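Visitor: Could you have a look at this structure, given as C-alpha cells, before my questions?
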Amino acid sequence: MAFYSTNEFRSGLKIMLENHPCEIVENEFVKPGKGQAFNRVKFRNLITGRTWERTMKSGESLEAADVFDKKMQYLYNDGESWCFMDEESFEQVFASAAVVADCAKWLKEEESCVVTLWNGEPISVLPPQQVILKVTETDPGLRGDTATGGTKPATVETGAVLKVPLFIEQGDLLKINARTGEYISRAKE
Amino acid sequence: MEVETPLAYPTPATDPHLDCFQLVGPADERCFSYLQSSPEFAMKRLLAAGSGPIYQICKAFRYGEAGRFHHQEFSMLEWYRPGFSYHRLMDEVAALVQLVLPMRLDFRRISYRELFLQHLAIDPFTASDQALDAILQERGIELQIKNRALDRDSALDLLLSQSILPMEAEATGLFLFDFPASQASLAHIRVGECPVAERFELYVGGLELANGFHELVDAQEQRRRFEADNLKRDATGKQRQPIDWNLLAALSQGLPDCSGVALGLDRLLMIAAGAKHISEVLNFPD
Numbered sequence: 001m002a003f004y005s006t007n008e009f010r011s012g013l014k015i016m017l018e019n020h021p022c023e024i025v026e027n028e029f030v031k032p033g034k035g036q037a038f039n040r041v042k043f044r045n046l047i048t049g050r051t052w053e054r055t056m057k058s059g060e061s062l063e064a065a066d067v068f069d070k071k072m073q074y075l076y077n078d079g080e081s082w083c084f085m086d087e088e089s090f091e092q093v094f095a096s097a098a099v100v101a102d103c104a105k106w107l108k109e110e111e112s113c114v115v116t117l118w119n120g121e122p123i124s125v126l127p128p129q130q131v132i133l134k135v136t137e138t139d140p141g142l143r144g145d146t147a148t149g150g151t152k153p154a155t156v157e158t159g160a161v162l163k164v165p166l167f168i169e170q171g172d173l174l175k176i177n178a179r180t181g182e183y184i185s186r187a188k189e
Numbered sequence: 190m191e192v193e194t195p196l197a198y199p200t201p202a203t204d205p206h207l208d209c210f211q212l213v214g215p216a217d218e219r220c221f222s223y224l225q226s227s228p229e230f231a232m233k234r235l236l237a238a239g240s241g242p243i244y245q246i247c248k249a250f251r252y253g254e255a256g257r258f259h260h261q262e263f264s265m266l267e268w269y270r271p272g273f274s275y276h277r278l279m280d281e282v283a284a285l286v287q288l289v290l291p292m293r294l295d296f297r298r299i300s301y302r303e304l305f306l307q308h309l310a311i312d313p314f315t316a317s318d319q320a321l322d323a324i325l326q327e328r329g330i331e332l333q334i335k336n337r338a339l340d341r342d343s344a345l346d347l348l349l350s351q352s353i354l355p356m357e358a359e360a361t362g363l364f365l366f367d368f369p370a371s372q373a374s375l376a377h378i379r380v381g382e383c384p385v386a387e388r389f390e391l392y393v394g395g396l397e398l399a400n401g402f403h404e405l406v407d408a409q410e411q412r413r414r415f416e417a418d419n420l421k422r423d424a425t426g427k428q429r430q431p432i433d434w435n436l437l438a439a440l441s442q443g444l445p446d447c448s449g450v451a452l453g454l455d456r457l458l459m460i461a462a463g464a465k466h467i468s469e470v471l472n473f474p475d
C-alpha cells in the first residue's frame, strides 16, 4: 500500500499505526527556531475507538490503511454474524457481534447502514440516525403515574428494550435514534 | 540605521534543520541564488564594514515549514547592537515587545538549566540520554520514530516545547538564556566548567517569538561550525551546502563585539490580535 509522509497528513486520512487502522484527527507541526521539526499527531483507532497521540519526525511516513465506508443493507443475523450486503454489487460481508455492538439492537431487515471496511472486512457499523420499530410489548401506562418520571419500558420488534412515554401502547410504531437508543416520537403508519 | 540586504543570497543556510528555496531560471537552470532564511549573514557583513547599529524588517523563507505558527514565507525584524551584552539586548527586546502589545506582560528571565531543574527536576547539561528518554515517556510524549533514535538536543527541544512551555500563562514574557553549547548556532560560547552558548529566546505565552545571540566573531570557529553543520547534513541524508566565504572573510576583517536578535513579526502580530493561526495575520497565506 502507499505511504503518507507527515506533510501529507490531514484530518480523516486513514493510516496504519502499530498494525491498527487509524484515522488522523489532528496534526500539529512543531519546530523550535533552531532544532528539527516534528509533527504531533492525534489518531483515532478505528477498531477500539480510542485516541492515540504520537510525536513523529517531520518527513517520516506511515503506511496507508485500506479503509473506507460503504453503504450496505442489513440482511440477517444468526446470533454470531451479522450479514450486510452491498446494494449495487450484492456482495455480502459478515460482521461479528463485537463489531455490530449496540446498534444490533435496532437493526431491522433491509435497514441501510454505513459499514467501515478494512481490507474488505467490517470493523464498525453505523446505523441510520433514525429507525422505525413496532412495540411488541409494554404495560399500559396508568394516567397520572409520574412516579417513574413519566416513562416506562417497552420492547420493540428487534427484541430491544427502551424507555418510552406512558401513552405508548403495544402495536405503536416508534421513531428511535439508533445511534443513542433513545425514543424520539411516535411514527405514522 | 535601517538597512536592506538581498532576499536572493548566493549561499543557503548550512543549518542541518533548515532547507532553503533555490532559484531556478526560465528553463529550469539552477542558479547560485537562494531565498534567504535569515538576513543574519548579510547584516554581519555590514557590521564588519563599520555600519554601526542596524535593523531590518524583511521576508525570510524556510522550505517545508507550515503550521499554526509557521509559514514558509514570513516576516522578520532583525537588529544588531555593537557593544551590547546579550542581557542588555534582552532589556531592549522586552521594551519593544511591551510597546507593541496591548496587554501588560509579566516578564521574567531564567537560564536554560534553571528552567529544566524547576519544571522537570533534571539538569539538561548532565542528565543522561536515558534519563531524558524516561522523562519524555513520563510526560506522555510518545515517540513514533524509525529506529527510535532521537538525538539529545531534539529530546531537550521536545521537553522544552511540549512539556515546559505549554505551562506558561498567556500574558507572560519568558527570556530563556545560556543554552547548551550544542545548540549555540551562531552564538558565542562561554567556556568554563560547563560551556554555555550566550544565546537567548523570548517566549510570550509559551510561543517562541525571538532568538538572540551574543554574536560569534571568531572566523575559525565559525568555519568549524559550518563544517560541523555539513557533516550533520550528510549524516541525515541531506545535501551539503556551500559555505558563505564572504561572511568568513568579514569575520576575519573583524566583526565588532555585538549582540543581535531576530523576532518573528507575524507571531508578534498574532499575539497582539489574539489570532489562533498564522494565516489570520497574512493577506494571502499559502
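Order-wise, the sequence lines are chains U and L. Those letters in the first sequence? Residues 1 to 189, by my numbering. Those letters in the second sequence? Residues 190 to 475, by my numbering. Each residue gets a CB set at the ideal place from its N, CA and C atoms; glycine is no exception. Note that the coordinates shown come from a computational prediction; the quantities given were computed from them, not determined experimentally.
Using C-beta distances below 6 Å, list every residue in its chain close to Phe415/L, excluding the 5 sequence neighbours before and after it, in chain order.
Guide: Thr203, Ile432
Visitor: If we count the other Cβ atoms within 10 Å of its Cβ and call it buried at 16 or more, is Cys113/U buried or exposed?
Guide: The residue is buried, with at least 16 neighbouring Cβ atoms inside 10 Å.
Visitor: Go ahead and pull the three-state DSSP assignment for Gln326/L.
Guide: Here Gln326/L sits in helix by DSSP.
Visitor: Going by C-alpha distance, which of Cys22/U, Leu126/U, Glu137/U is nearest Trp118/U?
Guide: Cys22/U
Visitor: Beta-carbon separation of Val41/U and Ser350/L under 8 Å?
Guide: no
Visitor: In the DSSP assignment, the alpha helix (DSSP H) including Met279/L goes from what residue to what residue?
Guide: 275–289
Visitor: For Gly120/U, count neighbouring C-beta atoms within 10 Å of its own C-beta (all shown protein chains included) and say buried if the count is 16 or more, exposed if not.
Guide: exposed
Visitor: Quick check on DSSP: helix, strand or coil for Ile353/L?
Guide: Three-state DSSP puts Ile353/L in a helix.
Visitor: Compare the C-alpha of Ser448/L against each of Asp423/L, Ser343/L, Ile378/L and name the closest.
Guide: The shortest Cα separation from Ser448/L among Asp423/L, Ser343/L, Ile378/L belongs to Ile378/L.
Visitor: Between Leu332/L and chain U, is there a C-beta pair that is closer than 8 Å?
Guide: Taking Cβ atoms only, chain U reaches closer than 8 Å to Leu332/L, which makes this a yes.
Visitor: Report yes or no: do the stretch 361–377 of chain L and the stretch 257–272 of chain L share at least 3 C-beta pairs separated by less than 8 Å?
Guide: no
Visitor: Can you confirm whether Gln225/L, when its beta carbon is compared against all beta carbons of chain U, has any partner nearer than 8 Å?
Guide: no
Visitor: Would you report the Cα separation of Ser5/U and Ser11/U, rounded to the nearest angstrom?
Guide: 14 Å
Visitor: Please list the segments of the beta strand (DSSP E) lying wholly inside the stretch 369–403 of chain L, counting only runs of 3 or more residues, in order along the chain.
Guide: List check, beta strand (DSSP E) in window: 385–393, 396–403.
Visitor: The ligand ATP heavy atoms versus the CB of Glu18/U: any closer than 7 Å?
Guide: The ligand ATP is not part of the structure shown, which contains no ligands of any sort.
Visitor: Please name the residue, chosen from Gln333/L, Glu193/L, Trp268/L, that lies closest to Gly59/U on a Cα-to-Cα basis.
Guide: Comparing alpha carbon positions, the residue from Gln333/L, Glu193/L, Trp268/L closest to Gly59/U is Gln333/L.
Visitor: Rounded to the nearest angstrom, how far is the Cβ of Leu174/U from that of Ala160/U, given a contact under 8 Å?
Guide: Going by Cβ atoms, the distance from Leu174/U to Ala160/U rounds to 11 Å, so no, they are not a contact pair.
Visitor: Under a Cβ-count criterion, where at least 16 other Cβ atoms within 10 Å of its own Cβ denotes burial, should Ser227/L be classed as buried or exposed?
Guide: buried
Visitor: Suppose the cutoff is 8 Å on Cβ atoms and the five residues either side in sequence are ignored; what does the same chain contact list for Arg54/U look like?
Guide: Leu17, Arg40, Val41, Phe43
Visitor: Nearest-angstrom Cα distance between Phe90/U and Gln130/U?
Guide: Roughly 24 Å separates the two Cα atoms.
Visitor: Between the C-alpha atoms of Thr155/U and Thr136/U, what's the straight-line distance to the nearest angstrom?
Guide: 6 Å
Visitor: Put Phe364/L into one of helix, strand or coil per three-state DSSP.
Guide: strand
Visitor: In angstroms, rounded to a whole number, what distance separates the CA positions of Gly463/L and Leu309/L?
Guide: 30 Å
Visitor: For Pro21/U, would you say it is in contact with chain L, using Cβ-to-Cβ distances shorter than 8 Å as the test?
Guide: Judged by the 8 Å Cβ criterion, Pro21/U is not in contact with chain L.
Visitor: For Arg414/L, report the span of its alpha helix (DSSP H) as first-last.
Guide: From DSSP, the alpha helix (DSSP H) with Arg414/L extends over 408–424.
Visitor: How would you write the range of the alpha helix (DSSP H) that His20/U sits in, first residue to last?
Guide: It is not in any alpha helix (DSSP H) - His20/U instead sits in the beta strand (DSSP E) that spans 20–30.
Visitor: By the 10 Å Cβ neighbour count, where 16 or more other Cβ atoms means buried, how is Trp82/U classified, buried or exposed?
Guide: buried
Visitor: Note down the Cα distance separating Leu236/L from Met279/L, rounded to an integer number of angstroms.
Guide: 20 Å
Visitor: Does the stretch 422–430 of chain L touch the stretch 381–391 of chain L, meaning 3 or more C-beta pairs lie closer than 8 Å?
Guide: no
Visitor: Quick one: is Ser448/L near chain U, going by C-beta distance under 8 Å?
Guide: no
Visitor: Could you tell me the boundaries of the beta strand (DSSP E) in which Lys43/U lies?
Guide: Here residue 43/U is Phe; the residue named in the question, Lys, does not match the sequence. Counting along the chain, the beta strand (DSSP E) containing Phe43/U begins and ends at 38–45.
Visitor: Using a Cβ-Cβ distance cut-off of 8 Å, determine whether Lys14/U contacts chain B.
Guide: Considering every chain present, this structure includes no chain B. Its protein chains are U and L.
Visitor: Considering Cα atoms alone, identify which of Glu267/L, Gln372/L, Leu437/L is closest to Cys247/L.
Guide: The shortest Cα separation from Cys247/L among Glu267/L, Gln372/L, Leu437/L belongs to Glu267/L.
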